[in-house]
Amino acid sequence: MLDRPSRLTRAAFLAFACLLPTLGVPAQAARATETRPAAQSIEANDFAAMLDVARGYGEAELIKTETGDPVITGDINGTAYQLFFLDCRDNRDCKTLNFYAVWDTAGVSLELLNRWNAMGAYNKAYLTTDGMPVVELNASAIDLGRDRLADLFDRWTVTLAAFPREVLDNASE
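Numbers -29 to -1, 1 to 144, taken from mature numbering (1 follows the signal peptide of the UniProt record, and there is no 0), label the letters of the sequence shown in order.
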């Protein structure tokens, strides 16, 4: 897996390659950079490859639920999370990714959570039955690739930083 500086360099290179035709460079030269290597794809049941991507963001391990479905548990910048694989058939061929984090912080109002939910299109926040705040990010696991999974982990990393700052730190309001 590419580290963040390498991904940024690659993104800048691809952006430059897209500009080449407008600069008079032959289309064949630009097309050569558009093909993604097969190594970028992740097979539907290659949980080890998904764990490899997760480890690029912090500690992570692959475990199983009581029913045998895979789960990645991890820590990003000091915040624990789980990545559940949902809509599975016989603990394989899972169709949905569910990033999940819960905080042991009572006193967060529904109004504050609703404000958070109204501001973002990708996450949802709610209270557990015990009144603890949860934030989730759901995504399709169909046609999952390393780049897309890394993008989801980028988004999740931002969420895990923003949620405490924007919700938990304001819970006493």
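For glycine and all other residues, C-beta sits at the position ideal for the given N, C-alpha and C.
Counting only runs of at least 4 residues, the stretch 108 to 137 fully encloses the following alpha helix (DSSP H) elements, listed from N- to C-terminal order: 117 to 137.
Residue nearest to LEU84 within the set VAL138, ILE47 and GLY39 is VAL138 (criterion: CA-CA distance). Collapsing the DSSP output to three states places GLU37 in coil. Under the 8 angstroms Cβ criterion, the stretch 101 to 120 counts as touching the stretch 66 to 78, having at least three qualifying pairs. Around the C-beta of MET90, fewer than 16 other C-beta atoms lie within 10 Å, and the residue is accordingly described as exposed. Closest by C-alpha distance to VAL42, out of CYS59, TYR28 and ASN48, is CYS59. For the 8 angstroms CB-CB criterion, MET103 and ALA77 form a contact.
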